[in-house]
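Read through the structure below, which is laid out as structure tokens, and then see the notes.
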Amino acid sequence: MCGIAGWLDGKRDVSQYRHVLEDMTKAMTSQGQSEEGYWMSRRVGFAHHRLRTIEPEGGSQPLIRRYGNRSCVITFCGELYNRSELRRKLSTMGYPFHSFSDTELILAAYTQWGKNCPCHLNGIFAFAIWDEQNQSLFLARDRFGVKPLFYVQRGSMLLFASTLKSLLAHPEVKPVIGADGLAEVLVMGPSRTPGHGVFKDIRELRPGFTLIATPESVKVSSYWSLVSQSHHDDLETTISQVKELFQDAVQRQLIADVPVGTMLSGGLDSSAIAACAAICFQEADKGHLSTFSVDYVGNDRYFQSNEFQPNSDATWVRRMTRYLSSHHHNVLVDHDELIDSLGMAVRARDLPGMTDVDASLYLFCKVIKEHVPVVLSGECADEVFGGYPWFHRQELVEVDTFPWMRFAKERASFLAPDIQKWIQPLEYIRNRYEEALAEVPRLSGEEPEDARIREIFYLNVTRWMPTLLERSDRMSMAAGLRVRTPFCDHPLVDYVWNIPWFMKRLKGREKGLLRQAMQGILPEDVRERKKSPFPKTHNPAYLKAVRNMALQILDEGTSPVLDVVNVKKWREFAEQDLSQVHFPWFGQLMNVPQLFAYLIQMDIWMREYKVSIQ
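Written out as structure tokens, the structure reads:
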């Protein structure tokens, strides 16, 4: 939907390389009517790609503003949710505004607060500012990394872009991966180590970080992180505060000059958002809320209850739509559509991802976009409030690794022996896990059990949640839809982070505190419904199809993926009776069908991106 790119160089005249920036910008594809903008100077070049249909007037970029004797240029991707408060504050400080765009607000905020300006922003963003006075480049990314930002630094040259493919469009950046990059894709994937760009020399600006660059130096620093401190509110106050912060987040994220809807699965999280949104609609006399659910052809026949998905969503969706009197749209996805969209999902991420779980969201978003351009999602409640089994089952709490990667050893056996020896998969995971634990902000005097739960929350917020937010942003962007996630509102996350575990798991329930906060807002049966993840297809025809496609890749003998996988192991696995095989190799949703689909996505990625392993 939108993207930014740029080039800082202390030796070359960047203005002579506009064609390179144009190539980098054209690599950022999107659906719908788009436009591109460029700003070039001797040392710096900026580019911007956007959809005209959803940006306000005055939103054309890059944007140049002069305040006093200070001139700055910005290229920005994202949106602010505190624009009204920020505009009032900066207006009282004497800043004039010529438009209602977030871009101009951020530029004024930078002029006022410099490198601390992201601290004053509530929203999702990635932006770059060239400060003419200081001759410096300033990059910033939102607290949870919803909006992507990657960069390459070589000597006095720094390139940045919203997408990996944009950087790879620069003639000096090659699609080469080394041992670490291969481990990120084959061992950590679909998750990714914060800061890692997979390809050699490409780094990711971490969530909550800024970068200041001159031709002589680059400095990366954090402007936000989770802070551990004692929680002093009693239970009643805590419930009230959670409810208020959540409702405030929903209310702010409903503000738009275009129609807004909500995703609705009938579960606690999406139902809470839809119910609060419906109340806001009623109070503002906006009519009926539009809600959207997704299901799969054949799931009514093939769905089987399990510990992760105890029941299907359909009954609960009907319950909530009647309760809300919403204008509801149910989207049905066929397994053939999923298979056809696996490649699109790779191109949206620039990496193999959550296979059909990605593809289904992309297809879902495409249909939503036909009705509304903005939608609210219940994503991230599980990470913030503790909804996953690994928060509650003692044997999972005690697992000394990322809890969603418990089958890493079995997964590693699918790699070629020489690749296993080269990348050392289990050691790689162990090192990344220990790095993550070393970052955890400890609370002095905390009991060991509570300290471990704090570790699991930290792993979820900083390692697991970015994977889901990346999925949400990339798939929705590819469909031309804006998705907002109120559970990721940083005032809410900051507050809930320090609430003791016994309060979060009130009455021994997953997300017990959130359930209590939603009393009186949701129907009791919905409020008490057991957690169920994003739906996926249970049609055996999908498993059969991806299995056959994977075998075809193995049999053809021309795929570059054959250089990194254990072909004999894959064939043995594929040729057994798979109907009763349970292999949750990544989280709760990624099982046998998704394992085959991941191989297919690896093949697509390595072929289309011309990946070279060195």
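Residue 1 is where the sequence shown starts when you use the UniProt record's numbering, and the numbers rise one by one after that.
Backbone N, C-alpha and C fix where the C-beta goes; we use that ideal spot for every residue, glycine too.
DSSP state of residue i mapped onto helix, strand, coil
i	result
Ser-270	helix
Asp-334	coil
Met-465	helix
Asp-358	helix
Trp-316	helix
Glu-57	Low confidence applies to Glu-57: its pLDDT is 49, below 50, so where it sits in the model is not reliable enough to give any reading.
Trp-130	strand
Val-567	helix
Glu-79	strand
Gly-261	strand
Gly-343	helix
His-329	strand
Thr-321	helix
Glu-184	helix
Glu-204	strand
Tyr-609	coil
Arg-88	helix
Ser-99	coil
Ser-240	helix
Gln-282	helix
Lys-219	strand
Ser-228	coil
C-alpha gap between residue i and residue j, whole angstroms
i	j	result
Lys-165	Glu-204	13 angstroms
Met-40	Lys-11	15 angstroms
Asp-13	Thr-103	27 angstroms
Arg-393	Trp-7	49 angstroms
Pro-148	Trp-316	34 angstroms
Arg-70	Gln-133	6 angstroms
Thr-92	Ile-74	22 angstroms
Trp-130	Ala-479	31 angstroms
Lys-531	Leu-268	7 angstroms
Arg-192	Gly-94	43 angstroms
Glu-57	His-98	Legend: pLDDT at Glu-57 = 49, less than 50; position of this residue unreliable, no value from coordinates given.
Ala-359	Asp-340	9 angstroms
Val-333	Val-297	6 angstroms
Ile-111	Arg-143	Here the sequence assigns Thr to residue 111, which means Ile is not the residue at that position. Computed Cα separation, rounded: 21 angstroms.
Ser-325	Pro-448	47 angstroms
Ala-140	Glu-575	49 angstroms
Val-565	Leu-107	48 angstroms
Leu-226	Val-493	9 angstroms
Leu-63	Leu-158	20 angstroms
Leu-543	Trp-113	54 angstroms
Gln-229	Asn-116	23 angstroms
Tyr-223	His-120	11 angstroms
Thr-401	Arg-430	7 angstroms
Val-146	Phe-246	19 angstroms
Met-549	Ile-600	7 angstroms
Close Cβ partners of residue i (< 7 angstroms) along its chain, the five nearest in sequence each way excluded
i	result
Glu-383	Asn-460, Val-461, Trp-464, Met-465
Gln-420	Ala-412
Gly-195	Arg-203, Glu-204, Arg-206
Val-176	Phe-199, Lys-200, Ser-612, Gln-614
Met-503	Leu-235, Thr-238, Leu-513
Gln-251	Cys-280
Thr-214	Gln-135, Ser-136
Trp-422	Ala-179
Pro-389	Leu-396
Neighbourhood of residue i by C-beta, 8 angstroms cutoff - its chain only, sequence neighbours within 5 removed
i	result
Ala-451	Arg-442, Leu-443
Leu-589	Phe-308, Met-354, Val-357, Pro-533, Phe-534, Lys-536
Same chain, Cβ closer than 6 angstroms to residue i, five either side skipped, listed in chain order
i	result
Leu-506	Gly-512, Leu-513, Gln-516
Met-518	Ala-272, Arg-527
Phe-364	Val-294, Val-331
Tyr-560	The question names Tyr, but residue 560 in the sequence shown is Pro. The residues are Met-606.
Gly-266	Asp-313, Trp-316, Val-317, Met-320
Beta bridge counterpart(s) of residue i as assigned by DSSP
i	result
Gln-519	Leu-522
Gly-6	Phe-46, Phe-160
Phe-125	Gly-78
Tyr-67	Arg-70
Trp-39	Phe-46
Leu-376	Thr-262, Arg-484
Arg-141	Ala-126
Tyr-296	Val-333
Phe-150	Ala-161, Glu-204
Val-176	Ser-612
Leu-211	Leu-139, Val-220
message: In chain order, what are the residue ranges of uninterrupted alpha helix (DSSP H) at least 4 long that sit wholly in the segment 523–608?
response: 524–527, 540–556, 567–574, 592–608
message: Which complete alpha helix (DSSP H) runs does the segment 369–426 hold, if anything under 4 residues is left out?
response: Counting whole runs of 4 or more residues, the segment 369–426 contains the alpha helix (DSSP H) stretches 381–385, 389–392, 394–397, 408–412, 417–423.
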